[in-house]
Amino acid sequence: MVKAVVGACWGDEGKGKITDMLAEDADIVVRFQGGANAGHTIVNDYGKFALHLLPSGSFNRNVTNMIGNGVALDIPQLVSEIEEVVSKGVPRPNIVVSERAQVLMPYHRLFDQYEEERLSDRQFGSTKSGIAPFFSDKFSKIGFQVWELFEDDRLKEKIENVLEVKNLMLEHIYHKPLLKTEEIFATCKEYAEMIKPYVIDSVTFMSKAVKEGKTILLEGQLGSLKDPDFGIYPMTTSSSTLAGYGAIGACIPPYEIKEIITVVKAYSSAVGAGAFVSEIFGEEADELRRRGGDGGEYGATTGRPRRMGWFDCVASRYGCRVQGTTAVAFTVLDVLGYLDEIPVCVGYEIDGEVTKDFPTTARLERAKPVLKVLPGWKQDIRGIKTYEELPENCRKYIEFIENELEVPIKIISNGPARHDIIRR
Numbered sequence: 138m139v140k141a142v143v144g145a146c147w148g149d150e151g152k153g154k155i156t157d158m159l160a161e162d163a164d165i166v167v168r169f170q171g172g173a174n175a176g177h178t179i180v181n182d183y184g185k186f187a188l189h190l191l192p193s194g195s196f197n198r199n200v201t202n203m204i205g206n207g208v209a210l211d212i213p214q215l216v217s218e219i220e221e222v223v224s225k226g227v228p229r230p231n232i233v234v235s236e237r238a239q240v241l242m243p244y245h246r247l248f249d250q251y252e253e254e255r256l257s258d259r260q261f262g263s264t265k266s267g268i269a270p271f272f273s274d275k276f277s278k279i280g281f282q283v284w285e286l287f288e289d290d291r292l293k294e295k296i297e298n299v300l301e302v303k304n305l306m307l308e309h310i311y312h313k314p315l316l317k318t319e320e321i322f323a324t325c326k327e328y329a330e331m332i333k334p335y336v337i338d339s340v341t342f343m344s345k346a347v348k349e350g351k352t353i354l355l356e357g358q359l360g361s362l363k364d365p366d367f368g369i370y371p372m373t374t375s376s377s378t379l380a381g382y383g384a385i386g387a388c389i390p391p392y393e394i395k396e397i398i399t400v401v402k403a404y405s406s407a408v409g410a411g412a413f414v415s416e417i418f419g420e421e422a423d424e425l426r427r428r429g430g431d432g433g434e435y436g437a438t439t440g441r442p443r444r445m446g447w448f449d450c451v452a453s454r455y456g457c458r459v460q461g462t463t464a465v466a467f468t469v470l471d472v473l474g475y476l477d478e479i480p481v482c483v484g485y486e487i488d489g490e491v492t493k494d495f496p497t498t499a500r501l502e503r504a505k506p507v508l509k510v511l512p513g514w515k516q517d518i519r520g521i522k523t524y525e526e527l528p529e530n531c532r533k534y535i536e537f538i539e540n541e542l543e544v545p546i547k548i549i550s551n552g553p554a555r556h557d558i559i560r561r
């Protein structure tokens, strides 16, 4: 059985917690795309963790956690994360890395930073983790797969060829110091030693796991609206955030993905630039940000304050639709318990007309939210374990959202910890 856990909107929905919880019954958890440019915050018996590359099954002893071929593999970051969780008392995770995963090179971060500097006020709000330059190189066929780190002669020659172009860009576009083949080669050999214990033939590994009927979780990064095809392009990430890409990024047959659990937040938040129709500002946003998440709504990777907004039915329904959602996990519902009334965005007004369909970017940027106000429940719902125990207005809020999403809400998160969960 293969299940995918993915995000409905901008990311920051709580996918890490849901994956961590579902991993209790899993054999394998696979990160299938993205890189260290976004984090998954997890609270469990070991403490609070912000994972960036480590799969969220890393706290479960019986789980094999794989970095799939679709990931931007930042080797020092991965090794650092492994050592960090172990230093906090977590048993050493069982980690494997696809030999076909591509390596985030040391210069990718530099080019990310330099390009944002060049763009100035037109920048994309990058986390400067090197992701856009990495994927640009991958699809320009000048990237480096893990196995290449162990082929010395081939590696050095390829670095020389790649740096011919990189140094022209550094000299004439960015006016920055040039890169040296010997230094990049030495760094790659350090990377090789660091990653060597984890490298596997992931194609054979996953084929065997599927044949043996293993329970496999595919863990996505960010959400539908950050997808380069279906998101708020160009203010997106550089790899597909959709469950469908899990078949590629983890190397499994697409027909094996039987469940797609899309994580949907009970309100909206986003890190980075781009259209955000239901966004709120001022004290209203500050209070929701302070109360949100576990310790407030701040990016797990950047620490930046998240942009806040009310629940967006248009964006969330669209996000579920492009994911192919079979069930929704509804998170941070407990945060809304302070509100007398809860606004919800049920439509977009664009050029004088109201639509419930999510538009492309130019029209999206002109959209104004059409709000419906629902009654709050004015109660702390943490600790409640059954759906029937929830306050009536809380259940009505869930059922209203479920009707708008057109997908069943089967998991409700009412607190930050692993078992703050209500199943329907």
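Going by this note's numbering, the sequence shown opens with residue 138, and the numbers climb by one from there.
Note that beta-carbon positions come from the ideal geometry of N, C-alpha and C, so glycine has one too.
DSSP, reduced to helix, strand and coil, places Ala187 within a strand of the structure shown. Inclusion of Val139 and Gly386 in the CB contact set at 9 angstroms is not warranted, their separation being larger than that value. Here the alpha carbons of Gln239 and Phe448 stand approximately 36 angstroms from one another. Contact check for Leu210 against Val227 fails: the beta carbons are separated by 9 angstroms or more. Buried is the label assigned to Phe169, since at least 16 other Cβ atoms lie within 10 Å of its Cβ. Counting along the chain, the unbroken alpha helix (DSSP H) around Phe322 starts and ends at 318-332. Glu396 has Lys140 as its beta-bridge partners, per DSSP. Per DSSP, the beta-bridge partners of Thr492 are Tyr485. Of the residues assessed, Lys317 falls on the exposed side of the cut-off, its CB having fewer than 16 other CB atoms within 10 angstroms. For Pro192, no alpha helix (DSSP H) segment is defined, and its DSSP state is neither H nor E.
The Cβ atoms of Ser453 and Glu541 lie closer than 9 angstroms to each other. When DSSP reads this structure, Leu355 sits in a beta bridge with Ala141, Val167. Excluding five sequence positions before and after Thr492, the CB atoms of its chain that fall closer than 7 angstroms to its own CB belong to Gly484, Tyr485, given in chain order. With 16 or more other CB atoms across the displayed protein chains lying within 10 angstroms of its CB, Tyr328 is buried.
Going by C-alpha positions, Ile535 is about 12 angstroms away from Ile559. Residues of the same chain with a CB within less than 7 angstroms of the CB of Ile487, apart from the 5 flanking positions on each side, are Pro496, Arg500, Arg503, Ala504 in chain order. Per DSSP, reduced to three states, the secondary structure at Leu300 is helical. Here the alpha carbons of Thr374 and Pro365 stand approximately 6 angstroms from one another. Looking at the DSSP output, Asn202 sits in a beta bridge with Val166, Ile232. The straight-line gap separating the alpha-carbon atoms of Asn202 and Glu490 is approximately 48 angstroms. DSSP places Val510 within a strand segment (E or B) once states are collapsed to three. According to DSSP, Leu210 shares a beta bridge with Val240. For the set Gly360, Phe367, Glu424, the Cα lying nearest the Cα of Val408 is the one of Gly360. With fewer than 16 other Cβ atoms inside 10 Å of its own Cβ, Pro314 counts as exposed. Beta bridge pairing from DSSP links Met445 with Ser406, Ile417.
For Ile165 and Asp289, the gap between their C-alpha atoms comes out near 32 angstroms. Around the beta carbon of His245, 16 or more other beta carbons sit within 10 angstroms, so the residue counts as buried. Here Gly520 carries a coil assignment [DSSP, helix/strand/coil].
Excluding five sequence positions before and after Lys533, the CB atoms of its chain that fall closer than 8 angstroms to its own CB belong to Leu511, Pro512, given in chain order. DSSP lists Val465 as the bridge partner or partners of Ile546.
Straight-line measurement puts the Cα of Phe413 at about 23 angstroms from the Cα of Val544. CA-CA distance, Glu424 to Ala346, rounds to 46 angstroms. Shown here, Ala554 sits in a strand according to DSSP, grouped into three states. The continuous beta strand (DSSP E) containing Thr178 extends over residues 177-181. Excluding residues up to 5 positions away in sequence, Val299 lie with their Cβ nearer than 6 angstroms to the Cβ of Ile279 in the same chain.
One alpha carbon belongs to Gly207, the other to His556, and they sit about 30 angstroms apart.
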